[in-house]
Amino acid sequence: MATEDMDVNMNGAAAETGAVPASQAPSTRTGGDGDERAAKRQKVDSSGLANETPTEKPVAEKDTQVEKKTNGSNSASDDRDVRKGVAPVKKEYLIDMSNATPNEAPDDDLAEGAGHQRQDDRDSGNKGRKDKKQKNRGQNTERTFGHFDDAIRLCNSRAYYSEFSPRECRFGDRCRQSHDLRKYLAEGRREDVETFGGKCPIFEQHGRCSAGWKCRFVKSHMREVEHEDGRKELTLIDNVTKKNSNGSEEAKEGEEVEDRRADVFNIVPMQNKIDLNRKRVDFSRSEKYIEWLNKETKANDKLFQATKDKTPEEMAELRAAFVDPPFKPSEKRRIYFGPETPTLAPLTTQGNLPFRRLCIDLGAQLTYSEMAMGMPLIQGTKADWALLKAHKSELAPPKYTPGKSYVVENYDNARDLRFGAQISASVPWVAVKSADALSRWCPHLRLIDLNCGCPIDMVFKSGGGSALLDNAGKLERMIRGMNAVSGEVPITAKIRTGVRNNRPTANQVISRLAFGGSEHRERLGAPGCAAITLHGRSREQRYTKKADWGFIGQCSALIRSYNEEKDDLTDTAAEPDPSTQANTKDGRVYFLGNGDCFSHEDYQDHIQNAGVDSVMIGRGALIKPWLFEEIEKGQYLDKSATERLTYIEKFVRYGLEAWGSDELGIGFTRRFLLEWLSFTHRYVPIGLLEHLPPSLNDRPPAYKGRNELETLMASNNYKDWIKISEMFLGPVHPGFNFQPKHKSNAYEAEG
1 MATEDMDVNM
11 NGAAAETGAV
21 PASQAPSTRT
31 GGDGDERAAK
41 RQKVDSSGLA
51 NETPTEKPVA
61 EKDTQVEKKT
71 NGSNSASDDR
81 DVRKGVAPVK
91 KEYLIDMSNA
101 TPNEAPDDDL
111 AEGAGHQRQD
121 DRDSGNKGRK
131 DKKQKNRGQN
141 TERTFGHFDD
151 AIRLCNSRAY
161 YSEFSPRECR
171 FGDRCRQSHD
181 LRKYLAEGRR
191 EDVETFGGKC
201 PIFEQHGRCS
211 AGWKCRFVKS
221 HMREVEHEDG
231 RKELTLIDNV
241 TKKNSNGSEE
251 AKEGEEVEDR
261 RADVFNIVPM
271 QNKIDLNRKR
281 VDFSRSEKYI
291 EWLNKETKAN
301 DKLFQATKDK
311 TPEEMAELRA
321 AFVDPPFKPS
331 EKRRIYFGPE
341 TPTLAPLTTQ
351 GNLPFRRLCI
361 DLGAQLTYSE
371 MAMGMPLIQG
381 TKADWALLKA
391 HKSELAPPKY
401 TPGKSYVVEN
411 YDNARDLRFG
421 AQISASVPWV
431 AVKSADALSR
441 WCPHLRLIDL
451 NCGCPIDMVF
461 KSGGGSALLD
471 NAGKLERMIR
481 GMNAVSGEVP
491 ITAKIRTGVR
501 NNRPTANQVI
511 SRLAFGGSEH
521 RERLGAPGCA
531 AITLHGRSRE
541 QRYTKKADWG
551 FIGQCSALIR
561 SYNEEKDDLT
571 DTAAEPDPST
581 QANTKDGRVY
591 FLGNGDCFSH
601 EDYQDHIQNA
611 GVDSVMIGRG
621 ALIKPWLFEE
631 IEKGQYLDKS
641 ATERLTYIEK
651 FVRYGLEAWG
661 SDELGIGFTR
671 RFLLEWLSFT
681 HRYVPIGLLE
691 HLPPSLNDRP
701 PAYKGRNELE
711 TLMASNNYKD
721 WIKISEMFLG
731 PVHPGFNFQP
741 KHKSNAYEAE
751 G
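Start counting the sequence shown at 1; every next residue gets the next number (UniProt numbering).
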C-alpha cells in the first residue's frame, strides 16, 4: 500500500466524528476472557481495496450500525461468537488468513513494565508445532535504537547564536566539536525536513526555535544579512521580545540551553544534579528522620521477639525504648479525586510528556510522570530527573463539581493541579531522600506517588515495586518518612492485589497505609497516605486475565468502612494529630481502581458498582486516547482515520517541542511515536464491531478498514509504522534502529 496514494490532511484538519449514544449501546457480550490467541491484523494489499470507495461514515449510519448481540441460539452459528478473546468484527471487513504466513509477535500489553513474557505455540498459527523462528520471539530485554545524530557535531557555543556573535567555548582548543557554522550547514547535517510545509513547528508556535542551527527546519527561521562592509552573516530569526543586545536569550545560570523549552516546568538546574552526584546536598532533615525510623524498627523487632518469660518490668523497659519522631509532617495541600477526574496512569516509556499533553487535550484530568527510580534521583542522574518535567497544561486545576462527590475539608481547587510524580524505591532512606529532593526542586507537583506494584524483575528483586506488598511494615515506614519531609506535597501509593495469584494481600496493605500498624497506631497515628490506587491484578498474573474489579470493590468497601469508623480505630482519649492524617483531620483516604477500562461504560460501572472515587486508565488510553473524551460525553465516538492521524500529528508536534527539532529530537520523537503506534494499531473502529462494549482484552482478527488509511493504521507491520512516522518526520536516519518489546518486530534502517 503506497502512502502517497492516500488523501491525508497534513494540516491536522479533523473529519467528523460519529457518536454512538450510551443509550443505544448493548450492555454485555457473551463469551469470557480466554487464552486462545487470534491472528493479528494484517495490512491489506492496495489491490484488494482498488475498487472500494474510501468512506468514513458515522457509526449511526445503516451500513455501519453496531448491532446488539444476543444470547440466543443464532449466536452459535457464527464462528466468531464463540472465539474467546477475539474482537467481534463484522463479516464484511474480515480477511481470510487461512493461507497467510504469520510473522507477528504476540501482543505486548506490558505498558507499565514487565519481566519475561509467556509464549504460546498458538501465537505462531502452527497448531502447536514449534516455530522455526522461535529464537526471534519474546521480549527484547536489552533494546537499542541505534544512533541518530549529525555527521558533524556543532559546538553549543555556535549552535544558538548568529555567525559573528558566538559564545566563548569553555573547552577552547581542546573542543572536539565543530566551530565552523557554514561547514556544518553544508556538510554536517541532513537536508531540511519538508513536512509541515518545511516550516519549523516550534518556531511557528513560539516565535523562537530552541534547536538553533541544529534544527532540521532551520531554513524557515534563518537568513543571511549583508553588512555595510560587505560581509554576509548567517543569523537566526527570533520573533520573541529581545532580552539581550544581540537579540538572543541567555540561559540562566546553571541551565542548559536545551532546557529552555517553551511552557515546560519542573526543570532542575544542572548544578543541583551535580551537587547530588557529588553528595553536596544537605539532607540533614531527612537523615534525622531516617535515623529515627531505623531506631523505631529495631525497637519493634526487640518487642516482637520478646518471649512470654519477660517480666512486666522488662517489657516496660522495651516499650520505653520507643521515642517520638524528631518532627511532625507539614500540613498538606488538599487534593481531590472524583467521577469527573479520569486519571491517566503512570506508564513506563509511553507516559511521556507529549502523550500526556495529547491525553489532556482529549479530556484527561490527572496525569503522572513515568516511574522515576529513587536511587538515580538522589545520585543526580539526568535521565530520571527529566521524567519530572511537566507541561503548562498539566499545571491547570482538574475539573471539580461541588456536591458531586466527597470533598475534603478546606479543598481549594484553584491551588490544585493535574501533574503528579511517581517514584520507586526499595528501602526507606532512598524513598525519604527522593521525596525531600522532589518537594524542594519540583515546585509543580500535585503529589508524589510511591510505586508498590511494578512487576519488573529488576525492581522486584531489589525489594521495590510489588515486592513491597509482602513487606507492609517497610512500606508503611517509607510512606511515613516521605510524608514527613515532603512539605505541602501529599504522598500516595499505587499497589496491586498481591504478588501471587489467589493470595491477595492488598487488604492488609490498605489497612497499614490508612491507619498504620496496630502496634503503634495509637502512639504514631496514620502514616499519612492521601490516596491509594489498586490495580486489580497480581504480579504473577500480569495481563493474562482480566482485572479483578470484584476484589477492588471489596477493598473500596473496606476503605469506606475505615473512613466511617475511623474514630473507633484510633485513640478515643485524644483527637488524632491532624499532621498525621491524610487530607483532613478525619484522615479520609481516596481510593482509585485500575485495570481494563476501555469505554465510558466501563468507567461508570466501576464508579457506581466498585465504589471507587475515580478510575486510573493505562492501556485503554494508549490504544484510544480519546477514551477520556468518551467518558466526558458519555458516548462512544467513532473516530475517522483522518481524525486519528491528526492525533498522531499532534503527538509529533508535541514531541518536537519536548525533545527538540534537531536530529536528536526528531529521533526521539520518532522512537516514542513508534512505541505508541505499537499500541494504537490494536484499535478496532467501533463502526466495524458487531456489538458493544468493546473489550480491552479482545485481540483483533485480520480485517480491512473502511478506507486505505484506516487499514494502514490497523497494520501490525513495523514497516507501516515507519511509513506513518515519515509522513511527519521525513525519512529515517540511516543509523536509526527500532526494536519493539518483541524481537520479531525489530526494525533497522537500510543506510
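Quick reminder that beta carbons are idealized off the backbone N, C-alpha and C, glycines included.
All figures in this text were calculated on a predicted structure; none of them were measured in a lab.
Stretch pair the region 650-667 + the region 197-217: three plus CB contacts closer than 8 Å = yes
message = What does the alpha-carbon distance come out to for the pair Ile215 and Cys175?
response = Per the sequence presented here, residue 215 reads as Cys, with Ile not at that position. Taking the straight line from one Cα to the other gives about 22 Å.
Chain-order list of residues whose beta-carbon lies under 8 Å from that of Phe164 (same chain, five-residue window excluded) = Arg231 and Glu233
query = Roughly how many angstroms lie between the CA atoms of Thr343 and Arg182, to the nearest whole one?
reply = 49 Å
request  = Identify whether Gly553 lies in helix, strand or coil by the three-state DSSP scheme.
outcome  = helix
ask   = Taking just the CA atoms, how far does Gly498 sit from Phe598?
value = 23 Å
inquiry  = Given a cut-off of 8 Å on the beta-carbon distance, is the pair Ile152 and Ser178 in contact?
reply    = yes
query = Is the region 691-709 in contact with the region 662-670, if contact means three or more CB pairs nearer than 8 Å?
reply = no
query = To which residues does DSSP link Met222 through a beta bridge?
reply = Leu236
key: Cβ neighbours of Glu224 in the same chain (closer than 8 Å, five flanking residues each side left out)   = Lys232, Glu233, Leu234 and Thr235
query = Is Asp384 helix, strand or coil by DSSP?
reply = helix
inquiry  = Am I right that Gly85 and Asn501 are in contact with their C-beta atoms under 8 Å? What's the rounded C-beta distance?
reply    = Not confirmed; about 19 Å, so no contact.
inquiry  = Just to confirm the assignment, what range does the alpha helix (DSSP H) spanning Met727 have?
reply    = Tyr718 to Leu729
inquiry  = With a threshold of 7 Å (Cβ to nearest heavy atom), would Glu726 be considered close to the ligand MG?
reply    = Of the ligands one can find in the structure shown there are none, so the ligand MG has no counterpart to examine.
query = Assuming Gly465 contacts Asn483 under a Cβ cut-off of 8 Å, what Cβ separation, rounded to an integer in Å, is found between them?
reply = Incorrect: roughly 20 Å between the Cβ atoms, too far for contact.
CB-CB length for Gly536 against Gly620, believed under 8 Å = So it is not a contact: roughly 14 Å between Cβ atoms.
query = What separation, rounded to the nearest whole angstrom, lies between the Cα atoms of Tyr336 and Pro625?
reply = 23 Å
task = Assign Ile559 to one of two classes, buried (16 or more other C-beta atoms within 10 Å of its C-beta) or exposed (fewer than that).
result = buried
task = Quick one: grab the DSSP three-state call for Ile448.
result = strand
message = On the criterion of 16 or more Cβ atoms from any shown chain inside 10 Å, does Lys298 qualify as buried, or is it exposed?
response = exposed
ask   = Should Ile491 and Ala425 be called a contact, given that it needs their Cβ atoms to be closer than 8 Å?
value = no
request  = Could you tell me which residues DSSP pairs with Leu592 in its beta bridges?
outcome  = Thr533 and Ser614
key: For Ile267 and Glu255, the rounded distance between their alpha carbons   = Because the pLDDT of Glu255 is 48, which lies under 50, any placement of that residue in the model is unreliable, and the number read from its coordinates should be weighed accordingly. Spanning the two alpha carbons is a distance of roughly 9 Å.
key: Whole-angstrom distance between Leu366 and Gly593, CA atom to CA atom   = 14 Å
inquiry  = Quick check on the burial criterion: 16 or more other C-beta atoms within 10 angstroms. Buried or exposed for Phe171?
reply    = exposed
Helix, strand or coil at Gly498 according to DSSP, with G and I counted as helix = strand
request  = Specify, as a first and last residue, the run of the beta strand (DSSP E) that Tyr636 falls within.
outcome  = Gln635 to Asp638
inquiry  = Taking only three categories from DSSP, how would you classify residue 776?
reply    = Any answer about residue 776 is impossible in this case: the structure gives the chain only from 1 up to 751.
key: CB-CB length for Ala87 against Pro740, believed under 8 Å   = Incorrect: roughly 21 Å between the Cβ atoms, too far for contact.
query = Thinking just about the alpha-carbon of each residue, which of Glu632, Tyr718, Ser393 and Leu688 is nearest to the one in Thr341?
reply = Glu632
ask   = If you drop the 5 nearest sequence neighbours on each side, which residues of the same chain put their C-beta closer than 6 Å to that of Arg158?
value = Pro166, His179 and Leu181
task = Report the rounded CA-to-CA distance for Asp229 versus Arg356, giving the unit in angstroms.
result = 51 Å
8 Å Cβ shell around Ala506 - same chain, five flanking residues per side excluded = Leu469, Ile495, Arg496, Thr497, Gly498, Leu534, Phe551 and Cys555
key: Pick from Ser511, Met270 and Val615 that is closest to Trp549, judged by C-alpha positions   = Val615
ask   = Straight-line CA distance for Gly380 to Arg278?
value = 9 Å
inquiry  = From the DSSP secondary-structure annotation, give me the bridge partner or partners of Val264.
reply    = His391
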